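Enquirer:
There are 2 protein chains.
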Amino acid sequence: MAQKPTIPKGTRDFIPLEATRRNYIFDTIKRIFTLYGYAPIETPAMENLSTLLGKYGDEGDKLLFKILNSGDFLSGTDPAALSQMGSGSAALKICEKGLRYDLTVPFARFVVQRQNELVFPFKRYQLQPVWRADRPQKGRYREFYQCDVDVIGSDSLLYELELLQIVDDVFNAFGIKVCMYVNHRKVLSGIAEMIGRPDMLTAITIAMDKFDKVGIEAVESEFLERGLESEAVEKLRPILTFTGNTEEKIALIEQHLSETETGMTGVAELKTLFGLFSQVGMTQQITLDLSLARGLSYYTGAIFEVKALDFEMGSICGGGRYDNLTGVFGLPGMSGVGISFGADRIYDVLLGLDKFPSTTNEAPKVLFMNLGKEESTFALSCLKQLRASGIPSELYPDHTKMKKQFDYADKRGIPFVAIIGEEELRQGVVALKNLATGAQQSCSPTDIESILKG
Amino acid sequence: MAQKPTIPKGTRDFIPLEATRRNYIFDTIKRIFTLYGYAPIETPAMENLSTLLGKYGDEGDKLLFKILNSGDFLSGTDPAALSQMGSGSAALKICEKGLRYDLTVPFARFVVQRQNELVFPFKRYQLQPVWRADRPQKGRYREFYQCDVDVIGSDSLLYELELLQIVDDVFNAFGIKVCMYVNHRKVLSGIAEMIGRPDMLTAITIAMDKFDKVGIEAVESEFLERGLESEAVEKLRPILTFTGNTEEKIALIEQHLSETETGMTGVAELKTLFGLFSQVGMTQQITLDLSLARGLSYYTGAIFEVKALDFEMGSICGGGRYDNLTGVFGLPGMSGVGISFGADRIYDVLLGLDKFPSTTNEAPKVLFMNLGKEESTFALSCLKQLRASGIPSELYPDHTKMKKQFDYADKRGIPFVAIIGEEELRQGVVALKNLATGAQQSCSPTDIESILKG
Chain Z
279 MAQKPTIPKG TRDFIPLEAT RRNYIFDTIK RIFTLYGYAP IETPAMENLS TLLGKYGDEG
339 DKLLFKILNS GDFLSGTDPA ALSQMGSGSA ALKICEKGLR YDLTVPFARF VVQRQNELVF
399 PFKRYQLQPV WRADRPQKGR YREFYQCDVD VIGSDSLLYE LELLQIVDDV FNAFGIKVCM
459 YVNHRKVLSG IAEMIGRPDM LTAITIAMDK FDKVGIEAVE SEFLERGLES EAVEKLRPIL
519 TFTGNTEEKI ALIEQHLSET ETGMTGVAEL KTLFGLFSQV GMTQQITLDL SLARGLSYYT
579 GAIFEVKALD FEMGSICGGG RYDNLTGVFG LPGMSGVGIS FGADRIYDVL LGLDKFPSTT
639 NEAPKVLFMN LGKEESTFAL SCLKQLRASG IPSELYPDHT KMKKQFDYAD KRGIPFVAII
699 GEEELRQGVV ALKNLATGAQ QSCSPTDIES ILKG
Chain E
279 MAQKPTIPKG TRDFIPLEAT RRNYIFDTIK RIFTLYGYAP IETPAMENLS TLLGKYGDEG
339 DKLLFKILNS GDFLSGTDPA ALSQMGSGSA ALKICEKGLR YDLTVPFARF VVQRQNELVF
399 PFKRYQLQPV WRADRPQKGR YREFYQCDVD VIGSDSLLYE LELLQIVDDV FNAFGIKVCM
459 YVNHRKVLSG IAEMIGRPDM LTAITIAMDK FDKVGIEAVE SEFLERGLES EAVEKLRPIL
519 TFTGNTEEKI ALIEQHLSET ETGMTGVAEL KTLFGLFSQV GMTQQITLDL SLARGLSYYT
579 GAIFEVKALD FEMGSICGGG RYDNLTGVFG LPGMSGVGIS FGADRIYDVL LGLDKFPSTT
639 NEAPKVLFMN LGKEESTFAL SCLKQLRASG IPSELYPDHT KMKKQFDYAD KRGIPFVAII
699 GEEELRQGVV ALKNLATGAQ QSCSPTDIES ILKG
């Protein structure tokens with residue numbers, strides 16, 4: 279093979295520094311999920327296509343990666359018929375499995391399948407990759423991790439609070455300033471009802487979702503194009519463009535939606551929620567954003583989205599309440615609420631703001647130079663002690679030129695080298711050199727430990 | 279959908295307790311890899327089929343999960359021709375990607391592709407799932423994790439030592455007693471040479487690999503069947519059946535292999551290695567096992583296998599040195615050595631020996647009962663403090679019957695419940711109940727922290 283090997287487009291390798299930084303993100307998120315009583319689950323990469331199909335719309339069905347049936351996949355199929363039915367249907371004749379497209383559908387499938395083993399309300403988190411046959415582009419990959427946390431089997435608003443406390447804690451831990459945007463699907467429904475077009479809810483929410491990006495005029499002309507009466511558009515304007523604080527906004531919609539039962543339910547929940555937020559005291563900004571819609575059709579209650587304040591980036595976290603996620607698998611009436619963290623985007627924000635802790639380093643703390651057999655024997659005994667104390671450390675594998683060994687330490691970003699030469703060997707000490715400052719000191723094996731831990 | 283949904287055969291879901299226990303295994307292994315200066319990498323689940331094919335033998339090629347090309351996969355193919363060429367070749371017309379089959383080939387591909395970004399010797403670990411279209415059976419899955427640690431770009435025996443120290447530390451951490459079996463491919467080659475049949479090396483190693491299971495007579499008759507002269511079989515017998523300790527075994531092969539250069543190289547390396555093992559002092563048993571062969575054809579130096587001593591289970595860890603893993607991708611002459619931990623089998627051993635730490639529990643430490651709105655407000659402030667101190671804890675979401683709330687705590691295995699009733703609210707205290715002992719005490723929010731941490 280003359281050419282260098284490659285990987286499929288839209289997929290990525292992670293070198294040690296990247297993998298270490300990603301692990302820092304995952305570990306931080308997991309630690310905080312655990313603090314709130316959420317427990318991990320895992321589901322297989324492959325699901326039956328019958329589980330996945332029809333859950334993500336026609337476009338989603340096309341973006342599923344399908345796995346060719348193993349063995350003689352053509353047996354029992356008529357190749358001529360295959361070609362006549364077209365690739366879409368033909369795929370289903372020769373593929374029974376697909377790669378998971380998100381963590382939500384596998385979670386719903388899991389809850390239904392394992393319902394008798396689970397304790398409800400069921401609080402779970404799941405950090406696993408998903409795959410989509412999307413056209414790859416900057417920041418969009420065919421394999422990427424989702425970090426989902428959900429609770430299912432309760433409609434208590436205390437869970438909305440809990441999840442936003444988690445968001446608060448996670449971004450505090452990362453040192454990223456964010457704003458959490460909150461809205462409510464029932465308020466959006468109430469608005470559609472209030473303007474006399476409940477049938478247009480989806481169109482309205484889609485258009486509202488764009489308000490942030492395109493402004494009021496573009497949204498209004500889209501409304502008109504979609505067949506909304508200009509009267510209705512005018513009724514919408516004060517709500518869309520109102521710029522007061524959260525309390526004032528709630529007062530505004532309470533006044534406008536007083537005639538719609540659904541809308542008032544949403545308003546009441548928002549009131550309770552924002553009351554809880556100020557009761558527990560959130561560190562990060564949190565605000566009601568009536569233009570927040572989120573495209574996913576399964577949301578039925580509060581919806582959330584999080585954006586970084588000091589860095590230009592889309593939503594880095596989002597979610598909401600759903601009432602019937604598991605209904606499609608035969609278990610109706612399970613209300614739940616969940617949030618998903620976008621690990622790739624959080625990575626880019628941390629990198630852009632230089633917020634990865636300096637300890638997020640793939641390198642060990644110290645490299646013992648290899649100056650010969652006896653010297654290495656002493657080094658090995660020091661290493662044993664250091665590792666027992668939890669200090670990542672290693673010995674250069676060959677007795678070779680010092681320069682080569684220093685180069686290795688330097689390239690890997692190892693902060694200290696430990697030198698054991700003839701003299702050190704005789705005295706039972708180690709010369710410890712700080713590669714950043716150049717300072718060198720003679721110390722006992724036990725001293726090294728306290729220096730490196732300090 | 280009337281029927282409960284299912285997952286593809288040979289795949290698994292992991293419920294919280296299982297996922298938590300698996301994370302304990304992964305975290306322990308990762309922690310120890312890091313102590314020895316190994317850093318994580320990740321590779322994509324999908325590789326180009328050109329990377330995977332031909333690396334695992336014909337049987338392996340058949341067991342690759344292939345991904346149907348997305349979009350119009352039939353375009354440019356002639357369906358009639360597809361059916362004529364048979365499923366094996368037809369698959370390659372409509373699939374360009376496959377799921378990784380192990381971590382070794384992706385690792386080799388990665389090293390070649392990223393060689394200019396890596397520091398050699400390159401020490402990496404990788405914990406990711408792999409997929410094989412094997413017939414599922416007890417303990418054999420179509421999706422399972424591999425936990426590989428390798429160093430590539432050095433032939434220093436200090437790395438063999440380092441990896442076996444890692445094995446020692448890992449099983450010490452798990453509290454599993456093991457024996458590490460060591461052999462050397464060059465010793466096996468020397469033996470084949472010594473009996474005058476270097477051409478039969480593979481047959482001999484395969485037969486030797488079975489010695490453990492079937493005994494000397496079966497192995498010898500297999501040798502004869504495979505065309506080995508009875509003279510050669512007799513020459514083999516003393517080596518196969520010798521039962522002395524490692525020192526005596528090395529002396530025995532040194533004597534028998536003195537005429538073969540390859541064999542003596544192997545003997546010399548084993549001597550050095552066992553010298554190093556006793557120098558650093560291994561905790562677990564470690565022994566030379568001349569019948570250890572390991573089937574993988576890429577090993578060229580020392581080979582390892584690890585078995586639990588107190589639990590019936592096959593090999594739970596294994597590996598060895600290879601000289602040309604990256605040659606097939608255009609980078610020859612890179613010697614490396616690696617070890618792979620079998621997470622699923624380690625899970626079964628830990629479970630069988632009841633060695634999972636009691637802290638490996640998915641549940642939070644304490645559940646605050648929900649006795650009303652004001653009570654919950656107080657609970658939320660206690661929870662905030664507990665979580666800030668790193669104590670997993672939660673509030674029951676609804677003001678409902680005590681029994682229901684106790685049941686929830688009980689089923690989830692939450693060890694403590696915190697009760698805040700009217701009286702506690704007035705005094706600013708919490709009644710903390712240990713569910714195992716039934717003991718209940720009144721304490722301040724700060725007391726809870728020290729009790730739960732203790």
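Protein chains in written order, with the numbering used here: chain Z, 279 to 732; chain E, 279 to 732.
Each residue gets a CB set at the ideal place from its N, CA and C atoms; glycine is no exception.
All of these numbers come straight from a predicted model, not from anything done at the bench.
(1) Just the Cα atoms here: how many angstroms apart are residue 313 of chain E and residue 589 of chain Z?
(2) Ignore the nearest five residues each way along the sequence and tell me which others in residue 320 of chain E's own chain have a CB closer than 8 Å to its CB.
(3) Can you tell me where the alpha helix (DSSP H) with residue 462 of chain E in it begins and where it stops?
(4) What are the start and end residues of each continuous alpha helix (DSSP H) run of 4 or more residues lying completely inside the stretch 477-534 of chain E, in chain order?
(5) Who are the neighbours of residue 397 of chain Z on chain E, taking C-beta pairs under 7 Å?
(6) Please report the distance separating the alpha-carbon of residue 455 of chain Z from that of residue 632 of chain Z.
(7) Interface residues of chain Z around residue 402 of chain E at Cβ under 7 Å?
(8) Can you give me, in chain order, the residues of the stretch 307-341 of chain E that have a beta carbon less than 7 Å from any beta carbon in chain Z?
(9) Answer yes if the stretch 423-438 of chain Z comes into contact with the stretch 619-631 of chain Z, meaning at least three C-beta pairs across the two stretches below 8 Å, and no otherwise.
(10) Please name the residue, chosen from Z:629, Z:475, Z:412, Z:617, that lies closest to residue 443 of chain Z on a Cα-to-Cα basis.
(11) Grab the span of the beta strand (DSSP E) containing residue 591 of chain E for me, first residue to last.
(12) Give me the Cβ distance between residue 410 of chain Z and residue 379 of chain Z, rounded to the nearest whole Å; I'm assuming they're in contact under 8 Å.
(13) Exposed or buried, what is residue 317 of chain Z when buried is set at 16 or more other beta-carbons lying within 10 Å of its beta-carbon?
(14) In the stretch 436-449 of chain E, which residues sit with their C-beta less than 9 Å from some C-beta in chain Z, listed in chain order?
(15) May I ask you to list the residues that DSSP assigns as paired with residue 308 of chain E?
(16) On a Cα-Cα basis, can you pick out the residue from E:432, E:295, E:513 that is closest to residue 471 of chain E?
(17) Give the interface partners of residue 727 of chain E over in chain Z, defined as CB-CB distance under 9 Å, in chain order.
(18) Helix, strand or coil: which one does DSSP assign to residue 696 of chain Z?
(19) I'd like the list of long-range same chain contacts for residue 355 of chain Z, defined as Cβ closer than 7 Å, with 5 residues on each side in sequence excluded.
(20) Using a Cβ cut-off of 8 Å (strictly closer), state whether residue 426 of chain E contacts chain Z.
(21) Mapping DSSP to helix, strand and coil, what is residue 541 of chain Z?
(22) Please list the terminal residues of the continuous beta strand (DSSP E) segment that includes residue 671 of chain E.
(23) I want to verify the contact list: residues of chain Z whose CB lies under 8 Å from the CB of residue 346 of chain E, in sequence order.
(24) Residues of chain E with CB closer than 9 Å to the CB of residue 665 of chain Z, please, in chain order.
(25) Mind pulling the chain E residues with CB within less than 9 Å of residue 358 of chain Z?
(26) Please decide whether residue 733 of chain E counts as near chain Z, where near means a Cβ-Cβ distance under 8 Å.
(27) Where does the unbroken beta strand (DSSP E) through residue 374 of chain E begin, and where does it stop?
(28) For residue 521 of chain Z, does the count of other Cβ atoms within 10 angstroms reach 16, so buried, or fall short, so exposed?
(29) Can you say whether residue 434 of chain Z is buried or exposed, counting buried as having 16 or more other CB atoms within 10 angstroms of its CB?
(30) Taking the alpha-carbon of residue 369 of chain Z as reference, which of Z:451, Z:345, Z:387 has the nearest alpha-carbon?
(31) Put residue 281 of chain Z into one of helix, strand or coil per three-state DSSP.
(32) Which residues of chain Z have a Cβ atom closer than 7 Å to the Cβ of residue 504 of chain E, listed in chain order?
(33) Which term fits residue 329 of chain Z, buried or exposed, when burial requires 16 or more other beta carbons within 10 angstroms of its beta carbon?
(34) Just the Cα atoms here: how many angstroms apart are residue 665 of chain Z and residue 671 of chain Z?
(35) Can you tell me whether DSSP reads residue 558 of chain Z as helix, strand or coil?
Expert: On the basis of the supplied data:
(1) 35 Å
(2) 404, 406
(3) Premise fails: residue 462 of chain E lies in the beta strand (DSSP E), 456-462, not in any alpha helix (DSSP H).
(4) 479-503, 508-519, 524-534
(5) 686, 689, 690
(6) 13 Å
(7) 294
(8) 312, 313, 314, 315, 317, 318, 319, 320, 321, 322, 323, 324, 325, 326, 329
(9) yes
(10) Z:617
(11) Here residue 591 of chain E belongs to no beta strand (DSSP E), and DSSP marks it neither H nor E.
(12) 6 Å
(13) buried
(14) 436, 437, 439, 440, 443, 447
(15) Looking at the DSSP assignment, residue 308 of chain E forms no beta bridge with any residue, so it has no partner.
(16) E:513
(17) Chain Z residues near residue 727 of chain E: none, gap ~13 Å exceeds 9 Å.
(18) strand
(19) 371, 372
(20) no
(21) helix
(22) 671-673
(23) 343, 344, 345, 346, 369, 372, 373
(24) 310, 313, 314, 443, 447
(25) 357, 358, 361
(26) Since the first residue shown for chain E is 279 and the last is 732, residue 733 of chain E is missing from the structure and cannot be characterised.
(27) 373-377
(28) exposed
(29) buried
(30) Z:345
(31) coil
(32) Within chain Z, no residue comes near residue 504 of chain E; the closest Cβ sits about 30 Å away, beyond 7 Å.
(33) buried
(34) 7 Å
(35) helix
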